[in-house]
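As structure tokens, the structure follows; a few thoughts come after it.
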DNA sequence: ACACGTTTTGAAAGCGCATTCACCCTAGAT
DNA sequence: ATCTAGGGTGAATGCGCTTTCAAAACGTGT
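Residue numbers (my numbering), protein chains in the order written: chain A, 1 to 345; chain B, 1001 to 1345.
In structure tokens:
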């Protein structure tokens, strides 16, 4: 910048004005400066600009390090499927990028390796005007510290820190509606719910929705899922289905799984056992993964608006940046029941 | 930082060392500093750090503003397909993010709106250690200026500036191999190639591969594609197929399209006309889009390693950052022929 | 007790830009 | 010719950190 100033015979203040407030510089001067900048290959330093103006024009996203384990398993069988399917994080990135672009922000993304002062999280936090965090990505204590300095919005998880904005999807509502559909529209009565680990807020919320629907319909309300799995993967879903089949007592009419992966695994297990879906058994999932559309029979499920999650995150960040004092908000994004074949539709 | 220094009774230099070179600070002092930092909610400023150290730890990516037009069209018919299918840019982002993470970099992404000094491109350029550009995203003149200051790698396009690293996929090789397959393995003789606009380097390279295969097989070598379309979309592919059908002379045995979108359109048009694929007509595409797997008959095509493109981009950037003097390199990524139903396999 | 080699720490000088304040110049008004 | 407004410009300061360089603290051997 000093070079540009010298070469065009002005002060650095004028060069700065050429970029920040072009109309405040006489056209002729402006041209001289731009010409010099071109000749010298001048690229304004975002760092210096950010330092001086205390703003970066960048929003951030921290997401977990994992790739969907089942996606990897599928990929082995069919390596180019891996390139075709969007993961959770891909969709959020897409949503955030689009929304950020609309507001003139760029997007800085990083998967969190581990916590600590030198993590990528710290790098992101220091370089953005605000950022979004996927639940269980950043240690709460780090978040606590960071969120005192800049806007943070928590995505798809419990609000661990109460002064943060946060966005969740309507897990309970979705599962309740899905369950209601099975009960009222298909006349099913003996339903079982297969949940996840107790520390999965999503799975717990979905179970809650299931219970509410049972209660509303006057059916028995279970205290616990019929079964819990730890990772909610396909293999566990398959195992769960078999376990439930082998369990004594009357066979259930429907198995509701806390996510699509388990449901898909169950579909395969049931096929192996000769249990016809949906005639002998209805099966449902939750999430709306692409695989659910392809599998036979196609999977009835609840679709999460993941991309909207990203878009909303940006909106909240932008809002808060323009109104620091705003009360923390907590959004719940609506989900939609996708009726396909596996429920009997 | 000054506050942290004061609160912990040390100088700012020591605070800095705690974060940059923790082992050079006595453990006891370090603890005091970290404690104070925690209490004060201290988040190191990436800007200041970048300014002082002249490095950001961030790599960038600029990609075009468009969403795949056909993808949008498909999305109207089936809105959740849109969320399931990865676009070109999504795949590159994924590849770059993974590779960047391995090297300890975060990734800054921005779609280029327009050029000019205040564009997102300029923002990206000023905030990263190096970045990748998708062809036809950034005006060459801007790139010319920027690339004199930091490493830039050009992706999937002609190297407009000769001192840039750049990466392309083996368009010609792929099409040549695909054509050879049709000729040798399926014994086809009357092949026609449907190309794109002359200013599409990809389409031209693919046509070149087609010609090479014809020449190698001793078949007539056309100077021009049998037909050219401008946008290479499905509708144009359909139209092209019909035009070729209606054209006088002997009906071709195979239609090779410059991309998958056109090929899929052609598949539909041929079905409407009662031309059986692959019995009466072989059809091939190029790209390896997910749709090609689903369509009936499934589409034989050439798959581009898009994600690898992103990974390689990061590798080149990292290399160049550690060895500024390295000669510009030009990589060509191998592609793979995917034999599915539409060619007769 | 003293000298000497090692850590540890501090002081100070930037890094490249935005921004305030004061100044200068040009027009139009008097 | 003198004055007044304002637009256009420059000097100077500070943003928060890294990084020498030098001084202080610490340990060790004599």
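Think of the CB as a built atom: it goes at the ideal place given N, C-alpha and C, for glycine as much as any other residue. Here the structure is a predicted model, which means the values were calculated and not measured.
Tell me which residues share the same chain as residue i and place their Cβ nearer than 7 Å to its Cβ, disregarding the 5 neighbours each side in the sequence.
i               : result
residue 153(A)  : 132, 164, 165, 166, 167, 313, 316, 317
residue 1097(B) : 1107
residue 1266(B) : 1237, 1238, 1240, 1241, 1255, 1257, 1283
residue 274(A)  : none
residue 1055(B) : 1129
residue 1226(B) : 1192, 1193, 1194, 1244
residue 1303(B) : 1288, 1335, 1336, 1338
residue 4(A)    : 15, 33, 36, 37, 40, 42
So, for residue i: in the same chain, excluding its five sequence neighbours on each side, which residues have a beta-carbon less than 6 Å away from its beta-carbon?
i               : result
residue 1332(B) : 1168, 1170
residue 175(A)  : 206, 209, 210
residue 329(A)  : 165
residue 1117(B) : Because residue 1117(B) carries a pLDDT of 49, less than 50, the predicted location of this residue cannot be relied on, and the following value inherits that uncertainty. No residues qualify anywhere along the chain.
residue 1(A)    : 12, 15
residue 99(A)   : 311, 314
residue 215(A)  : 221
residue 197(A)  : 230
For residue i, name the three-state secondary structure that DSSP assigns.
i               : result
residue 1111(B) : strand
residue 1052(B) : helix
residue 1228(B) : strand
residue 1004(B) : helix
residue 1191(B) : strand
residue 18(A)   : helix
residue 124(A)  : helix
residue 10(A)   : coil
residue 1117(B) : Confidence is the limiting factor: at residue 1117(B) the pLDDT is only 49, short of 50, which leaves the residue's position unreliable and the question unanswerable from this model.
From which residue to which residue does the beta strand (DSSP E) around residue i run?
i               : result
residue 1132(B) : 1130-1134
residue 1165(B) : 1165-1169
residue 1062(B) : 1058-1063
residue 150(A)  : Element bounds for residue 150(A): n/a, residue is neither H nor E.
Just to confirm the assignment, what range does the alpha helix (DSSP H) spanning residue i have?
i               : result
residue 86(A)   : Careful: residue 86(A) lies outside any alpha helix (DSSP H) and carries neither H nor E.
residue 146(A)  : 140-146
residue 217(A)  : From DSSP, residue 217(A) is part of no alpha helix (DSSP H); its letter is neither H nor E.
residue 1033(B) : 1027-1040
residue 237(A)  : 234-246
Return the chain-ordered list of same chain residues with a C-beta closer than 8 Å to the C-beta of residue i, the five sequence neighbours on each side being excluded.
i               : result
residue 1064(B) : 1089, 1111, 1112, 1134, 1136, 1137
residue 340(A)  : 292, 293, 297, 298, 299, 300, 301
residue 19(A)   : 44
residue 260(A)  : 285, 286, 287, 288, 289, 291, 292, 299, 301
residue 10(A)   : 29, 32, 33
residue 190(A)  : 250, 251, 252, 253, 254
residue 1086(B) : 1094, 1290
residue 1180(B) : 1213, 1216, 1217
residue 1060(B) : 1107, 1108, 1109, 1110, 1124, 1125, 1127, 1128, 1130, 1131, 1132
residue 1078(B) : Note that residue 1078(B) scores a pLDDT of 43, beneath 50, so its modelled location is shaky and nothing firm can be said.
Mind reading off the beta-carbon distance from residue i to residue j? Whole number of angstroms is fine, and I expect it under 8 Å.
i               : j               : result
residue 1343(B) : residue 1186(B) : 6 Å
residue 1044(B) : residue 126(A)  : 5 Å
residue 58(A)   : residue 128(A)  : 5 Å
residue 203(A)  : residue 309(A)  : Not quite, the Cβ-Cβ distance comes to about 18 Å (not below 8 Å), so this is no contact.
residue 159(A)  : residue 1041(B) : In fact, because the Cβ distance is near 18 Å, the residues do not count as touching under 8 Å.
residue 36(A)   : residue 8(A)    : 4 Å
residue 244(A)  : residue 1047(B) : Their Cβ separation, rounded to whole angstroms, is 56 Å, which puts residue 244(A) and residue 1047(B) out of contact at 8 Å.
residue 337(A)  : residue 178(A)  : 5 Å
residue 1262(B) : residue 1281(B) : Incorrect: roughly 14 Å between the Cβ atoms, too far for contact.
Does the distance between the C-beta of residue i and the nearest non-hydrogen atom of the ligand COA fall short of 8 Å?
i               : result
residue 1055(B) : As for the ligand COA, it is missing from this structure, which has no ligand bound.
Q: Run through the segment 1255-1337 of chain B for me and flag every whole alpha helix (DSSP H) of 4 or more residues, listed as ranges in chain order.
A: 1260-1272, 1291-1294, 1306-1322
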